[in-house]
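One structure is given below, encoded as structure tokens.
Numbering (our numbering), first residue to last: 20 to 259.
So, in structure tokens, the structure goes:
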């Protein structure tokens with residue numbers, strides 16, 4: 020079994036204020052959730068358009084009010100409970116979270132955001148000493164047992180990023196895919212061959228070619244009206 024390494028730590032990296040709890044009544048489309056709280060029904064925007072099997076009627080969710088003139092929904096969905104596990108949902112979070120942990124995983128690194136390379140836009144260029152690393156950030160909140168799976172749906176964009184990272188590595192560049200597990204109950208990350216067999220195969224080929232695939236685990240807890248997000252260490256990425 021091919022895999023990347025793991026380490027363990029735990030540190031608060033981000034806190035979101037103004038979160039409230041509600042119950043999911045329906046998900047009429049990928050981007051909209053109908054919620055109920057204190058006898059009132061309202062709609063929230065879902066930033067993650069993935070399938071999210073755990074996001075079904077009756078699920079407890081956390082949202083943040085975000086109404087403004089011209090907006091169709093009154094809030095943003097930020098997290099949900101999968102049984103008792105609080106799972107992050109907002110696709111705006113992964114790059115913010117990765118940026119917060121750069122000093123923890125790379126030491127005294129400098130970085131810049133978003134660089135166009137070989138027709139793909141990559142999230143970060145991280146410089147450590149004389150080494151320059153091209154990093155793309157992905158995330159998943161889908162898990163089967165203790166294994167987080169990425170992606171949760173076919174991803175042409177993800178495939179393009181992985182193949183470009185492999186080409187860059189073959190040309191001698193340091194290339195890395197950082198996959199964030201947005202839940203604290205997983206022990207490893209693996210490619211989701213059922214959702215996208217082509218991407219899963221490409222990912223394992225890239226790993227063999229020397230692309231670094233780094234699994235980063237984040238957990239969350241609610242403290243009053245705050246959502247506290249912790250970095251709980253690296254976890255292995257495994258190709259069968």
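In this text, a Cβ means the ideal position worked out from N, Cα and C, and glycines have one as well.
_Quick check: residue 156 and residue 142, are their CB atoms within less than 8 Å of each other?_
The residue you call residue 156 lines up with position 137 of the chain shown. The residue you call residue 142 lines up with position 123 of the chain shown. For the pair residue 156 and residue 142, the CB atoms are nearer than the 8 Å cut-off.
_Can you tell me whether residue 59 is helix, strand or coil according to DSSP?_
Here the question's residue 59 lines up with position 40 in the chain shown. The answer is strand: DSSP assigns residue 59 an E or B state.
*Take every Cβ of the segment 94–110, pair it with every Cβ of the segment 157–164, and state whether three or more of those distances are shorter than 8 Å.*
At 8 Å Cβ cutoff, the stretches touch.
*Taking just the CA atoms, how far does residue 199 sit from residue 166?*
Numbered from 1 along the chain shown, position 147 holds the residue referred to as residue 166. Numbered from 1 along the chain shown, position 180 holds the residue referred to as residue 199. Distance between the alpha carbons of residue 166 and residue 199 is about 12 Å.
*Does DSSP classify residue 224 as helix, strand or coil?*
On the chain shown, position 205 is the one that residue 224 refers to. Under the three-state reduction of DSSP output, residue 224 falls in the helix class.
*Would residue 72 be called buried (16 or more neighbouring beta carbons within 10 Å of its own) or exposed?*
Numbered from its first residue, the chain shown carries residue 72 at position 53. Residue 72 should be labelled exposed.
*Measure the alpha-carbon distance for residue 68 versus residue 85 and round it to whole angstroms.*
Residue 68 sits at position 49 when you count from the first residue of the chain shown. Residue 85 sits at position 66 when you count from the first residue of the chain shown. Whole-angstrom Cα-Cα distance: 18 Å.
*Extent of the continuous alpha helix (DSSP H) to which residue 177 belongs*: Locating residue 177 in the chain shown gives position 158, where the first residue counts as 1. Following the DSSP letters along the chain, one finds residue 177 inside the alpha helix (DSSP H) bounded by residues 175–189.
*Given residue 76, which residues of its chain have a CB within under 7 Å of its CB, disregarding the five upstream and five downstream residues?*
Taking the chain shown and counting its residues from 1, one reaches residue 76 at position 57. Excluding positions up to five away in sequence, the list reads 43, 44 and 45.
*Which one or two residues does DSSP pair with residue 210 in a beta bridge?*
If you number the chain shown from 1, residue 210 lands on position 191. Per DSSP, 169.
*asked:* Give me the DSSP bridge partner(s) of residue 154.
replied: As a working note, residue 154 is residue 135 in the chain shown. 143 and 195, per the DSSP bridge assignment.
*How about the segment 123–132 and the segment 79–96: do they share at least three Cβ pairs that are nearer than 8 Å?*
With a cut-off of 8 Å, the segment 79–96 and the segment 123–132 do not count as touching, because too few Cβ pairs lie within range.
*Taking all protein chains shown into account, decide if residue 234 is buried (16 or more other Cβ within 10 angstroms of its Cβ) or exposed.*
Reading the chain shown from its first residue, position 215 is the one you call residue 234. Counting other Cβ atoms within 10 Å of its Cβ, residue 234 reaches 16 or more and is therefore classed as buried.
_Element boundaries [beta strand (DSSP E), containing residue 47]_ = Reading the chain shown from its first residue, position 28 is the one you call residue 47. Unbroken beta strand (DSSP E) run through residue 47: 38–48.
*Own chain partners of residue 225 with C-beta closer than 7 Å, once the 5 adjacent residues on each side are dropped*: Translated into the one-based positions of the chain shown, residue 225 becomes position 206. Excluding positions up to five away in sequence, the list reads 181, 184 and 185.
*Work out the CA separation of residue 60 and residue 126 for me, nearest whole Å.*
Mapped onto the chain shown, residue 126 falls at position 107. Mapped onto the chain shown, residue 60 falls at position 41. One C-alpha to the other measures close to 47 Å.
*Ends of the alpha helix (DSSP H) at residue 116?*
Position 97 of the chain shown, counting from 1, holds the residue named residue 116. Start and end: 112–125.
*Report the rounded CA-to-CA distance for residue 246 versus residue 66, giving the unit in angstroms.*
What you label residue 246 is simply residue 227 of the chain shown in a count that begins at 1. What you label residue 66 is simply residue 47 of the chain shown in a count that begins at 1. Taking the Cα positions, residue 246 is about 17 Å away from residue 66.
_For residue 64, list the residues DSSP reports as bridge partners._
What you label residue 64 is simply residue 45 of the chain shown in a count that begins at 1. Answer by DSSP bridge pairing, in chain order: 51 and 95.
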